[in-house]
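Report on the structure given below.
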Amino acid sequence: MMNKFVNYLKSGNFFVLILVFAILFASIPIFSSLNSESGMMLNEESHYFVRMISQYRFTDVYFVDALLDRDINFSFYFYLLGKSSLPMSFIIYILPVLLGVICVWLFDFLLGSMGFNDKHSLFFVLVFLVSSPLFIFIFSTVNPVSLYLVFFLVGLILFVKRSYWSLFFSLFLGLFDFLLMIFFLGFLVVYTYWKHNNWRLFFSNFLSGIIGVLILVFWFGFDFSLILGLFNSSVENILVSFGGVGGFSSILIVLCVLGMFIAWKRSFEHFLFYVFVFFLFICSIYFDYLRIIFVLVACFYSGIAVSGLIVKKWSVPNLKEVTLLLVFCSIIFASIIFLRAEMSFSNSEYGDAFAFLGMLDSKKVIFGSERDGFMIQNLGNKRTFWDARSFLYEDYSEKIIIANKLYYSRNLKEVETLLVNNNVEYIFVNKEMFNGRIWNSRDEGALFLYRNSNKFSKVFENEVVEIFRYVG
Amino acid sequence: MNMKRSTILWLALIFILVFGVRLLFAFNIDGVSYESYNILRNVENIKNSGVPLFNDELSYGGREKFFSPVYHYILAGFSYLFNDFFLIKVIPNFFISFTVIVVFFLVFALTEDEFASILASLFSGFIPILFNSTLNTGSVYSLVVPVFFLCCYYFLRTNQNEKYLWKLLVSLIFMAILHPLSLVLAVVFLVYLFFIKVFVFRESKREAELVLFYFIFILWLTMVFYRLALSNHGFGVIWQNLPLDLLRNSFANVTVVGALFGIGFIPLILGLAGLYMNLFNFRSKGVTLMMSVCFVFFLLVYLNWFPLHIGLMFLGVALTVSSGNAFSKFLAFVFNLKSRVLGFIAIFVLFCLLLISFFPSMSTFEFHEKDTPSREDFLALYWLKNNSAKNSSVLSLSREGSFVSYVSGLKNVIDEDYLLISNVNKRFEDLNGVYEDVFLTDALETLSYYDVDYVFLSKHNFLIYNNSRLLFAGNECVPLVFGNKEDVPKIYKIRCGFSYDE
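In order, the protein sequence lines correspond to chains A and B. For the first sequence, our numbering gives the first residue as 1, with consecutive numbering after it. For the second sequence, our numbering gives the first residue as 473, with consecutive numbering after it.
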């Protein structure tokens with residue numbers, strides 16, 4: 001049976017199967033969300049993106065977040081989708097999966113263009129890619145990276161084919177995101193050095209990319225401090241095992257290292273590429289846009305590793321079969337664990353809570369956890385005290401101090417003063433917050449005040465959410 | 473492997489000697505250590521309901537816990553033969569005594585020298601830090617240490633004989649389910665492969681395959697079983713979510729003096745000599761494996777990723793194995809000397825040195841009185857058990873938490889297991905601060921926040937804070953309900969609380 005499978009892989013007729021896997025994996029969170037009717041998405045930041053697309057579509061406000069009244073960078077992604085005539089439901093539910101399928105096809109085409117003809121390894125490369133948590137995370141939700149990656153891959157393909165149309169894609173990438181453009185150029189320089197040709201094309205792309213960045217900075221007034229803030233990250237954020245959202249599994253990294261070891265050739269070009277990959281890995285810790293690029297490389301080497309393990313004869317054959325089984329189980333478990341953890345939010349009860357907020361006739365602020373901020377803003381159409389992007393702004397450290405007091409203080413006067421000064425009227429508490437994320441018990445810290453003091457009244461309650469109103 | 477009958481006899485005698493000395497010291501200490509009570513609670517729960525305390529209603533007022541239950545199930549099996557205190561004093565000491573047998577076989581695999589192996593196994597039984605840390609604590613390391621080195625022994629032997637392969641696989645899987653230290657073992661094997669490549673040994677395909685299999689197995693196991701702890705604490709799980717104050721003490725830096733007293737003079741010096749010889753002269757795969765163990769544990773302790781005392785335990789055993797190799801080389805050198813008299817003098821001097829160095833090491837065998845609760849504390853908590861409501865919460869020092877719950881059957885507010893507890897630093901500081909609070913309102917605010925019904929002031933508490941009473945207590949709000957005014961232990965009841973209703 002193993003031989004039949006290997007022959008099937010070598011024939012290369014598995015691309016349709018891969019596309020089916022890609023659609024399946026990317027659609028699971030979408031189906032879950034539709035089924036629960038909660039309106040919630042796997043990536044809570046997608047709610048922010050959807051709100052911004054709506055803002056770009058229905059207003060001409062491009063440089064300020066109208067709801068929260070804070071500065072933002074102009075985004076071509078929001079502009080393209082906002083000004084397009086695509087319905088919002090298509091943008092939310094169909095477009096990410098479509099872009100995922102296109103990216104898988106483009107990646108396959110790119111590898112073919114670069115001369116990678118080992119169909120056996122290619123199958124595993126693509127399977128690891130479509131089953132990776134990061135692929136699911138990006139291509140099941142509204143996310144600029146899904147579109148940028150398409151441009152990235154098309155640009156690479158055109159460059160490999162020595163076409164000057166790649167200049168346009170360098171320009172677009174420079175306009176979209178200058179970091180992505182830098183790593184695009186990084187790939188180009190390594191490839192050019194490896195092939196010892198195309199330097200003219202490379203420098204043309206370089207110039208084109210720089211022009212794109214300059215237009216972004218000087219024409220659209222790009223604020224770098226809103227990106228430099230993304231340094232607030234750590235290695236834990238990139239590993240799904242450590243609770244990292246939008247990360248990759250540790251087994252993928254191990255297989256990537258093994259694959260690099262198997263594929264190692266003694267040449268400076270290989271060494272240079274490995275250094276570049278290492279640098280990409282380090283940067284992907286801090287810039288989430290770059291993680292999908294690293295995952296493409298990691299899946300490539302992982303596929304080589306697994307293919308090598310299958311083909312190689314082991315001194316203990318049973319051990320080989322168990323090891324391969326563990327590898328595939330780990331890959332699948334990583335995705336399942338990721339989906340289970342992230343989809344716990346996809347619950348109609350949350351949807352009811354946000355719908356309730358949407359019905360409130362209040363212009364005041366809602367205080368909750370950072371993680372709920374985008375969802376309250378998008379689904380409840382209310383201002384929040386903070387959200388997952390607040391760390392980019394100067395007042396973040398002050399907000400942490402205030403939030404800690406609003407979580408833990410038992411001094412009623414202090415809590416009241418803070419609520420009034422920050423224009424907070426409602427306190428949004430979900431189940432996760434008193435199950436260990438903020439509090440360990442139902443009456444800990446300021447929860448005791450919200451539940452027992454006459455200054456607060458509970459206006460909404462279900463299995464997963466309680467909403468308190470400060471009545472003063 | 474053919475051994476003389478006398479060697480087997482000597483080995484058995486050493487095992488009995490080490491086990492006997494351990495029991496002697498253990499039974500000389502009144503009671504068991506505070507850390508044992510967590511284990512005893514789990515054993516009791518297993519006997520009653522068949523499962524350990526994954527859902528502990530008493531710890532921190534009620535919470536979910538996460539740990540490997542294998543060791544607890546093993547102890548629960550033995551608990552039908554012994555009562556609780558005998559269980560903690562006898563069984564862990566029985567397990568750790570097997571280290572001498574494992575060390576014997578390891579050294580024999582390296583040297584084929586029975587005399588050196590006997591000597592090394594004798595020393596391994598009395599490594600000070602290992603002796604101290606596993607004497608009266610019921611620690612899981614009493615089983616982890618011998619299993620860890622057993623895996624190393626089978627790994628070395630696996631190339632020589634097919635039967636060792638299956639023994640290795642069984643030991644590795646047992647190690648993996650026993651304790652998360654199996655991840656360190658996987659890293660040790662990886663470092664070993666790296667050293668093999670660097671030292672240009674003949675690479676073994678089987679070793680590489682085993683290491684690959686084990687590493688991937690451990691990764692899979694970690695992902696499946698430890699994901700909750702990993703996702704809550706991230707890399708902080710390495711430090712077990714310890715409060716910062718305790719972290720500083722547990723993860724101290726290793727010093728030469730500390731290593732000397734922790735590991736012992738002869739194992740340290742001869743062990744380092746053995747590693748040196750392996751680096752530059754007499755290279756062997758076995759010593760290279762011990763070198764990998766030393767390298768990994770030293771690095772972990774140096775980077776403060778591993779508690780010092782646990783790191784020194786493993787370093788001590790690995791260096792003892794390496795010292796066996798050095799000792800064997802020394803004996804071979806002596807016996808090859810032309811002058812027999814010189815040879816005997818050299819051996820005599822060495823034995824004197826061994827004896828002289830042995831006794832200072834004995835002086836580090838501390839009696840664990842400060843680590844065990846006193847009889848008076850027991851009586852106080854028994855009284856509390858019979859004179860309080862079942863749902864009450866008791867505040868004590870964190871290391872006494874499990875002891876309080878075990879004896880009184882009441883909830884504790886903090887204990888020595890900090891994993892999966894949020895805001896642990898704040899909780900630790902707040903609750904320890906109560907013992908130094910002067911004003912009633914400050915203390916009551918904290919006590920109400922954590923829903924404390926009783927405050928337990930033990931003899932151990934008195935040693936730390938030098939207070940024989942709570943400074944804010946002795947009034948209507950916080951009356952003394954057990955103990956007399958001049959002495960400890962004391963128990964105070966909290967009658968008042970904060971209310972915000974207007």
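Glycine included, every Cβ here is placed at the ideal spot set by N, Cα and C.
Which of helix, strand or coil DSSP assigns to residue i
{"i": "E908/B", "result": "coil"}
{"i": "I844/B", "result": "Looking at the sequence shown, residue 844/B is not Ile but Thr. Correct three-state label for T844/B: coil."}
{"i": "V960/B", "result": "coil"}
{"i": "Y56/A", "result": "helix"}
{"i": "T836/B", "result": "For T836/B, the predicted structure reports a pLDDT of 48, less than 50, and the residue's modelled location is therefore unreliable. A value from the coordinates is still provided. Of the three classes helix, strand and coil, the one that applies to T836/B here is coil, per DSSP."}
{"i": "K413/A", "result": "helix"}
{"i": "K363/A", "result": "coil"}
{"i": "I467/A", "result": "strand"}
{"i": "Y545/B", "result": "helix"}
{"i": "K141/A", "result": "Looking at the sequence shown, residue 141/A is not Lys but Thr. The answer is coil: DSSP assigns T141/A none of H, G, I, E or B."}
{"i": "V789/B", "result": "helix"}
{"i": "D889/B", "result": "coil"}
{"i": "N43/A", "result": "coil"}
{"i": "R70/A", "result": "strand"}
Same chain, Cβ closer than 6 Å to residue i, five either side skipped, listed in chain order
{"i": "I18/A", "result": "L126"}
{"i": "V459/A", "result": "I467, R469"}
Neighbour list for residue i in chain A, Cβ cutoff strictly below 8 Å
{"i": "S894/B", "result": "G436, R437, I438, W439, N440"}
{"i": "Y532/B", "result": "N440"}
{"i": "I668/B", "result": "Ordered by position in chain A, no residue passes the 8 Å Cβ test against I668/B, which lies about 15 Å from the chain."}
Chain-ordered neighbours of residue i on chain A, where CB pairs are closer than 7 Å
{"i": "K677/B", "result": "S315"}
{"i": "E888/B", "result": "The contacting residues do not exist; E888/B stays about 17 Å from chain A at best."}
{"i": "L684/B", "result": "T323"}
{"i": "E681/B", "result": "W314, S315, V316, L319"}
Nonlocal neighbours in the same chain, by C-beta distance under 8 Å from residue i, ignoring five residues either side
{"i": "L495/B", "result": "K561, V562, N565"}
{"i": "Y148/A", "result": "Y77, L173, F176, D177, L180, Y289"}
{"i": "S940/B", "result": "L929, F934, E958, D959, V960, K962"}
{"i": "N421/A", "result": "none"}
Pairwise C-alpha distance: residue j and residue i
{"i": "F300/A", "j": "C256/A", "result": "8 Å"}
{"i": "L684/B", "j": "T323/A", "result": "8 Å"}
{"i": "A588/B", "j": "L662/B", "result": "28 Å"}
{"i": "F278/A", "j": "A798/B", "result": "41 Å"}
{"i": "V696/B", "j": "A341/A", "result": "13 Å"}
{"i": "G873/B", "j": "S880/B", "result": "11 Å"}
{"i": "E44/A", "j": "S846/B", "result": "54 Å"}
{"i": "M52/A", "j": "K363/A", "result": "19 Å"}
{"i": "T836/B", "j": "T606/B", "result": "Low per-residue confidence applies at T836/B: pLDDT is 48, beneath 50, and the placement is therefore not dependable, though the value from the model is reported in the following sentence. Rounded to whole angstroms, T836/B to T606/B spans 14 Å at the Cα level."}
{"i": "L418/A", "j": "N73/A", "result": "30 Å"}
{"i": "P524/B", "j": "L772/B", "result": "30 Å"}
{"i": "I573/B", "j": "L483/B", "result": "7 Å"}
{"i": "R70/A", "j": "V876/B", "result": "53 Å"}
{"i": "F222/A", "j": "F911/B", "result": "55 Å"}
{"i": "L111/A", "j": "R442/A", "result": "54 Å"}
Beta-ladder partner(s) of residue i, from DSSP
{"i": "R941/B", "result": "R941/B is not bridged to any residue."}
{"i": "I688/B", "result": "DSSP, once it has assigned bridges, lists no residue as partnering I688/B."}
{"i": "L867/B", "result": "V927/B"}
{"i": "S457/A", "result": "R469/A"}
{"i": "K669/B", "result": "Answer is none; K669/B lacks a bridge partner."}
{"i": "T384/A", "result": "I366/A"}
Proximal chain B residues relative to residue i, where beta-carbon distance stays under 9 Å
{"i": "I157/A", "result": "Those within 9 Å of I157/A in chain B number zero; the least Cβ separation is about 34 Å."}
{"i": "S250/A", "result": "L691, T694, M695"}
{"i": "T417/A", "result": "Result: empty, since nearest Cβ-Cβ is about 15 Å, beyond 9 Å."}
Same chain only: Cβ atoms within 7 Å of residue i, ignoring 5 sequence neighbours per side
{"i": "F689/B", "result": "A648"}
{"i": "S596/B", "result": "T571, V572, V575, V789, T792"}
{"i": "A548/B", "result": "V515, I518, K519"}
Per-residue contacts from residue i into chain B (C-beta, under 7 Å)
{"i": "L326/A", "result": "I688, F689, W692"}
{"i": "G471/A", "result": "First, the residue type needs correcting, since residue 471/A is Val and not Gly in the sequence shown. The premise fails here: V471/A is roughly 12 Å from chain B at the closest Cβ pair, so nothing lies under 7 Å."}
Residue i: contacting residues in chain B (beta-carbon distance under 8 Å)
{"i": "F333/A", "result": "W692, M695, V696"}
{"i": "C329/A", "result": "W692"}
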